[in-house]
């Protein structure tokens, strides 16, 4: 009898975990629907602290840079120009270098250890 009770407890735990997963997916989809408003869109955001972030927000035809923290949301400035959410915001809109290129550039500046040859 103890084995059957243990098995039913295991099934109950698995069912609760699956239900919690399904509910979180549904709530996530609900949140995505509300964030896709027609007149307001977060183009980009960056985390600058544990509870602080900077947001690039498009409201109608205007684009704003905003700061958000536990204290609230603050308008930093209005930004001129057009921003495409698919385009990475890099200096001069250049292509971002690959990880390998960045790594090789950093490794060139490291001092050589004894016994290592220059390539």
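Residue numbers (my numbering): 19 to 137.
Positions of the beta carbon are idealized from the N, C-alpha and C atoms, including for glycine.
_Under 7 Å between C-beta atoms of residue 73 and residue 84_ = Position 55 of the chain shown, counting from 1, holds the residue named residue 73. Position 66 of the chain shown, counting from 1, holds the residue named residue 84. Yes, Cβ-Cβ distance for residue 73 and residue 84 is below 7 Å.
*Could you tell me which residues DSSP pairs with residue 64 in its beta bridges?*
Taking the first residue of the chain shown as position 1, residue 64 is located at position 46. Bridge partners of residue 64: 72.
_Simplified DSSP assignment, three categories, for residue 38_ = Position 20 of the chain shown, counted from the first residue, corresponds to residue 38. Here residue 38 sits in helix by DSSP.
*Is residue 82 helix, strand or coil by DSSP?*
Within the chain shown, numbered from 1, the residue matching residue 82 stands at position 64. Three-state DSSP puts residue 82 in a strand.
_Contact under 7 Å by Cβ, residue 69 with residue 92_ = In the chain shown, counting from the first residue as 1, residue 69 sits at position 51. In the chain shown, counting from the first residue as 1, residue 92 sits at position 74. No, Cβ-Cβ distance for residue 69 and residue 92 is not below 7 Å.
*Would you mind working out which of 22, 98 and 66 sits nearest residue 76, comparing C-alpha positions?*
Stepping through the chain shown from its first residue, residue 76 is reached at position 58. The shortest C-alpha separation from residue 76 is found at 98.
*On a CA-only basis, which of 71, 65 and 61 is nearest residue 81? Give me that one, please.*
Working through the chain shown from its first residue, we reach residue 81 at position 63. Ranking 71, 65 and 61 by Cα distance to residue 81 puts 61 first.
*Helix, strand or coil: which one does DSSP assign to residue 44?*
As a first step, residue 44 must be located in the chain shown, where it is residue number 26. Here residue 44 sits in helix by DSSP.
*Could you pull the start and end residues of the alpha helix (DSSP H) that residue 119 belongs to?*
Counting from one through the chain shown, the residue named residue 119 turns up at place 101. Segment 117-126, the alpha helix (DSSP H) holding residue 119.
*Limits of the unbroken beta strand (DSSP E) element including residue 92*: As a first step, residue 92 must be located in the chain shown, where it is residue number 74. First-last of the beta strand (DSSP E) with residue 92: 90-97.
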